[in-house]
């Protein structure tokens, strides 16, 4: 990777800007030390570490358990065709997009939305949805370990027989289906659409590509630009609309869930989705400018420290960004609506 790839340099490694003639008190030294500890982040020592972390994130129990189940429920081998379409038009673009923004800014799922604080609630909602998934994912991992060690014994294997007591099926997979749809799938789909809108249209594909060019010294191709700007958000919106229109009562083994279960499920969805408007209002309120419109506009803009965490790289990035904005400003004012869209996507 190019030199700018290591954007996760810690601030405590940068030269001190405190003058030797300005002594600090012990309390100030302690505070400065605490700040450095909080913002310091580890870096990849080698490219292979980054590669293996990506593999660990991408490959897991879902590949062994989730994919076969979904394929079986949706036509078997025929499911591979729409799967590949979604993989190419949605999966890869979103994965690459999140990877680029995360590596560039060295921020987590919440602070990465410093590029537009109005959308920070998306990060909170995604973290909450991950917590919902963990409630059943950890249990499934436990079951796999139970079966693994049981298979090493000489006793009767636990899956040889289906005990009548196991059909008491108001737990386990029954609860999993409920939490998976309302607490994970539905929340993730809605928030992913908002995430794409925030990055591609508010922050801008053009600026994102400039960030990548600054970090890796490469130009983003048309495939990625088209997917981020149009294809991926439109496809995901269509999937969401289709999901809502075709929404049917959730069932497990031909048994419809009771009203109380639906109420619990929609509470989970509401908790996840409400993070966006609540944190958006909070971001608007925190802006120091006057007037609602000015506050909204300010909340949509990147924070002053948006960019690489390293102070030197941040200053270089800010100069780089300012230069390109000044160069494009005169042309931007002369463009019509459609020319602005083309410029925002394809530069």
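Numbering (my numbering), first residue to last: 15 to 361. The beta carbon of each residue, even a glycine, is placed where N, CA and C say it ideally should be.
{"Item": "Residues that DSSP places opposite residue 266 in a beta bridge", "Value": "269"}
{"Item": "Alpha carbon of residue 350 to alpha carbon of residue 231, nearest angstrom", "Value": "30 Å"}
{"Item": "Exposed unless 16 or more other CB atoms sit within 10 angstroms - verdict on residue 197", "Value": "buried"}
{"Item": "Nearest to residue 319 (by Cα), restricted to the options 277, 290, 129", "Value": "129"}
{"Item": "Residue 239 beta carbon less than 8 Å from that of residue 359", "Value": "yes"}
{"Item": "C-alpha gap between residue 77 and residue 256, whole angstroms", "Value": "25 Å"}
{"Item": "Local Cβ density within 10 Å of residue 41, reported as buried at 16 or more and exposed below that", "Value": "With a pLDDT of only 42 at residue 41, under the threshold of 50, the placement of this residue in the model should not be trusted, and no figure is reported."}
{"Item": "Inter-residue CB distance, residue 206 and residue 141 (contact presumed, cutoff 8 Å)", "Value": "So it is not a contact: roughly 14 Å between Cβ atoms."}
{"Item": "Cβ pair residue 286, residue 152 closer than 8 Å", "Value": "no"}
{"Item": "Inter-residue spacing [alpha-carbon to alpha-carbon] between residue 296 and residue 91", "Value": "47 Å"}
{"Item": "For residue 72, the three-state DSSP class (helix, strand or coil)", "Value": "helix"}
{"Item": "CA-to-CA distance, residue 156 to residue 163, given in whole angstroms", "Value": "11 Å"}
{"Item": "Per-residue burial, residue 120 [other beta carbons within 10 Å of its own, 16 or more giving buried]", "Value": "buried"}
{"Item": "Rounded separation between residue 85 and residue 300 - CA only", "Value": "47 Å"}
{"Item": "Cβ pair residue 247, residue 210 closer than 8 Å", "Value": "yes"}
{"Item": "Ordered list of alpha helix (DSSP H) runs contained in the stretch 190-243, each at least 4 residues", "Value": "200-211, 219-230, 236-240"}
{"Item": "Coil, strand or helix - residue 303 by DSSP", "Value": "coil"}
{"Item": "Cβ neighbour criterion (16 or more within 10 Å) applied to residue 139", "Value": "buried"}
{"Item": "Under 8 Å between C-beta atoms of residue 127 and residue 116", "Value": "no"}
{"Item": "Contacts around residue 147, its chain only, beta-carbon distance under 6 Å, and the 5 residues preceding and following it disregarded", "Value": "198"}
{"Item": "Check whether residue 292 and residue 135 have beta carbons under 8 Å apart", "Value": "yes"}
{"Item": "Nearest candidate by alpha-carbon position, reference residue 309, set 237, 294, 190", "Value": "294"}
{"Item": "Distance, residue 226 Cα to residue 218 Cα", "Value": "13 Å"}
{"Item": "Completely contained alpha helix (DSSP H) runs for the stretch 272-300, where each covers 4 or more residues", "Value": "273-287, 289-300"}
{"Item": "Length of the line joining the Cα atoms of residue 344 and residue 253", "Value": "39 Å"}
{"Item": "C-alpha gap between residue 228 and residue 323, whole angstroms", "Value": "14 Å"}
{"Item": "Residue 312 - DSSP class collapsed to helix/strand/coil", "Value": "helix"}
{"Item": "Cβ pair residue 321, residue 314 closer than 8 Å", "Value": "no"}
{"Item": "Contiguous alpha helix (DSSP H) assignments of at least 4 residues, all confined to the stretch 308-356", "Value": "325-348"}
{"Item": "Rounded distance between the beta-carbons of residue 288 and residue 103, thought under 8 Å", "Value": "About 29 Å; that fails the 8 Å criterion."}
{"Item": "Coil, strand or helix - residue 103 by DSSP", "Value": "helix"}
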